[in-house]
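Everything below concerns the one structure shown next.
Protein chains: 2
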Amino acid sequence: MSAPKPHCYSHPHPAVTTDIAVFTLREDALQLLLIRRGNPPFAGTWALPGGFLDIDEDLDACAARELAEETGVQDVYLEQLYTFGTVGRDPRERVVSVAYFALAPAERLAVQAGDDAADAAWFRLDALPALAFDHADIIATAHRRLLAKLDYSTIAFQLLPETFTLGELQQVYETLLDAELDKRNFRKWALALAQIEATGEVRRRGSHRPARLYRLTDRERVTYLR
Amino acid sequence: MSAPKPHCYSHPHPAVTTDIAVFTLREDALQLLLIRRGNPPFAGTWALPGGFLDIDEDLDACAARELAEETGVQDVYLEQLYTFGTVGRDPRERVVSVAYFALAPAERLAVQAGDDAADAAWFRLDALPALAFDHADIIATAHRRLLAKLDYSTIAFQLLPETFTLGELQQVYETLLDAELDKRNFRKWALALAQIEATGEVRRRGSHRPARLYRLTDRERVTYLR
DNA sequence: CCAAAAGTGTTTAATATACACCCATGG
DNA sequence: CCATGGGTGTATATTAAACACTTTTGG
């Protein structure tokens, strides 16, 4: 039943995996992408997408590949989060997992279960199911990091499509911070960052004044403030 | 010549190591602890202390153990930094290194080469020797993180002994920031943090007014500001 | 008495917060 | 014409920065 084991070392080696916490904003809520595990351990349980590092593959590449294979999600903002390696976190063998977190606008996310995953779906962060391994810890760490980075980086812009209105940007911050912000102060702040510029276009949506569209000046780049 | 290789897996596993960047303040400069490698690869070259993860050992424990074994340094503030896993960063085999950074007051550091290390010594951060592997990258990342954390945490207090004067605290910040700070503003800020309290004792050193001693209220704890 | 670091407040500038009305559109 | 979200400025409060002299000690 067991496969041949041709990869031998003079001292024991842990396995190395990546796990990815992908956040997006859907239905005015912060949501997280999970897969339902198709194989043991924890078969049938929801988990972060992720998997084993190929021996000739960089860590970032592994995260991007596993995410694409298991969920169909590609070309998102990916950032290394923290490495989880507690003994016993995986019942099969010693596994050290390099966790990533990812952000993407909901528009760009065509999710489809693949590969190892029986299913892939979005969950509101405030209504997560039971999770495999220590993935609840990883998610908590990722969420903390995301909130901390709001204060001193432009990371939240990664949750918006290429062009967006100031109202949409404000909604992103309001959802993430779970707080209402003053419209005039927010706009002053956002424009003073000098990270966005008007495209010159407007968006007409609904029966009200059209909204000016903006884009990042330094496209797809997260910059640090202060 | 080669050892037996009794540890076999059905797919190839990278090796996992920890490397530790220990900072201290000595001679009014930020200094880093390096070891001279005793064995290939890079035998004779300076490198960060570190080594292979034991299969039943947590990552933090590995960092603490390797640091103690190779340099004699114990009981320092240790924090996971970033995981470096570029293919080819170690010529022997695929190695993923979970890097840590550490801070300690110079007083507590009785450095002695051990184990794998032919020598252990402090280097000013602005005068580092050639380094093994990608350790120059790790050090640069650690230094960036240290400076970033100055702004929003009490991490710098880890570079001071249990009791210290406000003048010493100011020197820590001035050295790290490479800038002069206003004494009155600095003291106002430090006391407003509500992280330190006067011990009631004073220190007499040199022919001038004795300085009040302070300690952290929440001892050995790094807190986040703002 | 001299040198050296410790200790102490006030004024000014910069930044952040509070707050209310008109605009342009679709239906 | 009305409902809806877009767009705009000023006054106040808070926080940060600039700045100089007296104190205590050892030698």
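Heads up: the protein sequence lines correspond to chains A and B, in order. Following the numbering used here, the numbering of the first sequence begins with 29 at its first residue and continues without gaps. Following the numbering used here, the numbering of the second sequence begins with 29 at its first residue and continues without gaps. For every residue, glycine included, the Cβ atom is placed at its ideal position computed from N, Cα and C. Because the structure is a prediction, the values reported are computed rather than measured.
Where the beta strand (DSSP E) through residue i begins and ends
i	result
L244 of chain A	239-244
D47 of chain A	43-54
R254 of chain B	Looking at the DSSP string, R254 of chain B is not in any beta strand (DSSP E), and its letter there is neither H nor E.
R231 of chain B	224-231
For residue i, the three-state DSSP class (helix, strand or coil)
i	result
Q198 of chain B	helix
T203 of chain A	helix
R64 of chain B	strand
H236 of chain A	coil
L209 of chain B	coil
A130 of chain B	strand
F185 of chain A	helix
K33 of chain A	coil
L159 of chain B	strand
E248 of chain B	coil
L137 of chain A	coil
L219 of chain A	helix
CB contact flag (residue i, residue j, <7 Å)
i	j	result
P77 of chain B	E135 of chain B	no
H35 of chain A	Y37 of chain B	yes
V44 of chain B	V124 of chain B	yes
L131 of chain A	Q198 of chain A	no
H41 of chain B	H171 of chain A	no
F112 of chain B	A127 of chain B	yes
E225 of chain B	T193 of chain B	no
E55 of chain B	G79 of chain B	no
D47 of chain B	I167 of chain B	no
A148 of chain A	I63 of chain A	yes
G100 of chain A	Q140 of chain A	yes
Y105 of chain B	T169 of chain B	no
R65 of chain B	A57 of chain B	no
Y201 of chain B	R254 of chain B	no
T191 of chain B	L241 of chain B	yes
L159 of chain B	W74 of chain B	yes
I83 of chain A	R122 of chain B	yes
R249 of chain A	T227 of chain A	no
A184 of chain B	L175 of chain B	no
E107 of chain A	F129 of chain A	yes
A222 of chain A	G195 of chain A	no
L53 of chain B	T203 of chain B	yes
Residue interval of the alpha helix (DSSP H) (run including residue i)
i	result
H163 of chain B	163-180
T99 of chain B	87-99
Interface partners of residue i on chain A, CB under 8 Å
i	result
A124 of chain B	In the sequence as presented, Ala is not what sits at residue 124 of chain B; that position holds Val. Those are V44, L81, L87, V124, V126, listed as they occur along chain A.
P32 of chain B	S38
Beta-carbon neighbours of residue i, restricted to chain B and to distances below 8 Å
i	result
V115 of chain A	D84, E85, D86
H35 of chain A	C36, Y37, S38, H39, P40, H41
Sheet register partners of residue i (DSSP bridge)
i	result
V123 of chain A	A:A43
F80 of chain B	B:T45
W150 of chain A	A:L61
A75 of chain B	B:I63
E107 of chain B	B:F129
F70 of chain B	Bridge partners of F70 of chain B: none, in fact.
F192 of chain B	B:Y242
F112 of chain A	A:S125
Contact list for residue i against chain A, beta-carbon separation under 7 Å
i	result
Y110 of chain B	Q108
Residue i beta carbon near the ligand SAH (any heavy atom closer than 6 Å)
i	result
V139 of chain B	The ligand SAH is not among the ligands present in this structure, which contains no ligands whatsoever.
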